[in-house]
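Here the structure is laid out as structure tokens; the discussion comes afterwards.
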Amino acid sequence: MINGQMQYEFFQLEVFNILYRELGFTSIKINGRNKLLERVPEGYKFVSIHILKDSFREYLENDFDLSTLPEEVNHVDLFNMFFKEKPITRSYANAFFHSKDKLNPNDYQIKGEFLVLK
């Protein structure tokens, strides 16, 4: 409680754990540039940071277990906190995903908008 109001914040680590484990996002460094990826049946699809944000927002709307929140927090509060704090950033995405996945660019080839195993 701060000034009589309940205060919560998004923990970037938990947000990115969901993006990685449940939603299938990761990244790879190709030619010195970090590329964000989404796991798809073909392999990986190149995506923008906006796709991560939209996917997490959709996760909050459709799949998040609201019963894990305190009674004082409703769905609208959760969305307001997410949009206010903006926990999904490119720099954190690059650091987090590189700590999880060690994708070797030499093992993959680019086919259109996809990254597939050679």
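Per the numbering used here, the very first residue in the sequence shown carries number -16; after that it's consecutive. Think of the CB as a built atom: it goes at the ideal place given N, C-alpha and C, for glycine as much as any other residue.
Taking C-beta to C-beta, are Phe62 and Leu43 nearer than 8 Å? As a first step, residue 62 is located in the sequence shown; it is residue number 79 there, counting from the start. As a first step, residue 43 is located in the sequence shown; it is residue number 60 there, counting from the start. Yes; because the gap between Cβ atoms is below 8 Å, this pair is in contact.
Spatial neighbours of Ile11 within its chain, please: CB distance less than 8 Å, with the 5 preceding and 5 following residues excluded, ordered by chain position. Here residue 11 corresponds to residue number 28 of the sequence shown, with the count starting at 1. Correct list, in chain order: Asn17, Lys18, Leu20, Tyr27, Asp84, Leu86, Pro88, Tyr91 and Leu98.
If you measure between the beta carbons of Ala76 and Ile13, is that distance less than 8 Å? As a working mapping, residue 76 is identified with position 93 in the sequence shown. As a working mapping, residue 13 is identified with position 30 in the sequence shown. No, the pair does not count as a contact, with Cβ atoms beyond the cut-off.
Quick one: using the 10 Å Cβ neighbour count with 16 as the cut-off for buried, is Glu96 buried or exposed? On the sequence shown, residue 96 is found 113 positions in, with the first residue counted as 1. Counting Cβ neighbours within 10 Å, Glu96 comes out exposed, since fewer than 16 surround it.
Less than 8 Å between the beta carbons of Phe65 and Arg40, yes or no? Within the sequence shown, residue 65 is the residue found at index 82, counting from 1. Within the sequence shown, residue 40 is the residue found at index 57, counting from 1. Taking 8 Å as the Cβ cut-off, Phe65 and Arg40 qualify as a contacting pair.
Give me the DSSP bridge partner(s) of Ser38. The count along the sequence shown starts at 1 and reaches residue 38 at position 55. DSSP lists no partner for Ser38.
Report the rounded CA-to-CA distance for Met(-11) versus Ser82, giving the unit in angstroms. In the sequence shown, the residue the question calls residue -11 occupies position 6. In the sequence shown, the residue the question calls residue 82 occupies position 99. Summary for Met(-11): the model assigns pLDDT 46, below 50, so the residue's position carries little reliability; its value from the coordinates is reported in the next sentence. Straight-line Cα distance between these residues: approximately 33 Å.
Under the DSSP definition of a beta bridge, which residues are partnered with Asn17? Counting from 1 along the sequence shown, the entry for residue 17 is found at position 34. Lys12, per the DSSP bridge assignment.
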